[in-house]
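Input: a single structure, listed below in structure tokens.
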Amino acid sequence: MSSSGVRGSSPVQTTQGTVLVVDDEPQIVRALRINLSARGYKVITAHDGSAALRAVAETKPDVVVLDLGLPDMDGNEVIAGLRGWTTVPIIVLSARGDSADKVGALDAGADDYVTKPFGMDELLARLRAAVRRSAVTGGEDGSAVVETDAFTIDLAAKKVLRDGAEVHLTKTEWGVLELLVRNRGRLVAQKQLLHEVWGPSYDTESHYLRVYLAQLRRKLEPEPSRPRHLLTEPGMGYRFEP
């Protein structure tokens, strides 16, 4: 086994597609680039979560190989961010071997989970399987950029623009908006919003939502008292309509 934790195998030249490798360990990135390139894959790399989100939006890879321990955000945040608009297969490649970590990543939207150190043959098999499943489902990706007549949301860059200028949102405001936009057109229950943005101990604190939706409407809606995009479904939850 090499010092990078990758067990090699003999290369076979084929044309397989584009793989985005997201990892901040140079040895792992180098080993994957060499091994995957030798097998016909085009390899793109990103060393943190923000770069990964931008790379998926700009290059539309066929598969994402993602480490969970990134310097700027947890890998599960990257998965959740991507799943708001793309069905690209995501294979987690992580030293975290606990079942809770695996369940968390899969629940966030990952397609598969491989624990470091790993064998290249195994990873290649997982890559091929993920691409096959994606081809069978035939799901079309949305766009990382969602436009309304009043403002534009870039899910990959985590930014909102209004009249050409960036709107400053707090981390919590962005969390609420992102969850609604990822589920655009669908009702998001109060409990789900509270659970995902604030945590499970806040499931009954519905007044938080009233406060933060009011703040978002003041910042984004042309007429905050008559919202057109951030809608309330009384007694149930909220809905984002582009």
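To convert, note that position 44 of the sequence shown is 44 in the UniProt record's numbering; the numbers rise steadily by one, no gaps.
Ideal placement from N, C-alpha and C gives every residue a C-beta, glycine not left out.
- Distances from the CA of Glu-25 to each of Ala-129, Val-56, Thr-86 and Leu-70 were compared; the closest alpha carbon is that of Leu-70.
- Judged by DSSP secondary structure, Gly-175 falls within the alpha helix (DSSP H) whose first and last residues are 171-182.
- By the Cβ-count criterion, Ala-189 is exposed, with fewer than 16 other Cβ atoms from all chains shown falling within 10 Å of its own Cβ.
- Every beta strand (DSSP E) stretch that sits fully inside the UniProt domain "OmpR/PhoB-type" (143-242) and reaches 3 residues is listed by chain position as 145-147, 152-154, 159-162, 230-233 and 237-240.
- Shown here for Val-56: same chain residues with a beta carbon closer than 8 Å to its own, the five before and five after excluded, namely Leu-20, Val-64, Leu-82, Thr-86, Val-88, Ala-144 and Ala-156 in chain order.
- Residues of the same chain with a CB within less than 8 Å of the CB of Val-78, apart from the 5 flanking positions on each side, are Val-22, Gly-49, Ala-52, Leu-53, Leu-66 and Leu-70 in chain order.
- Rounded to whole angstroms, the Cβ separation of Tyr-113 and Val-92 is 5 Å, and the two are in contact under 8 Å.
- When secondary structure is reduced to three states using DSSP, Lys-102 falls in the helix class.
- Counting other Cβ atoms within 10 Å of its Cβ, Val-29 reaches 16 or more and is therefore classed as buried.
- Taken through DSSP and simplified to helix, strand or coil, Asp-74 comes out as strand.
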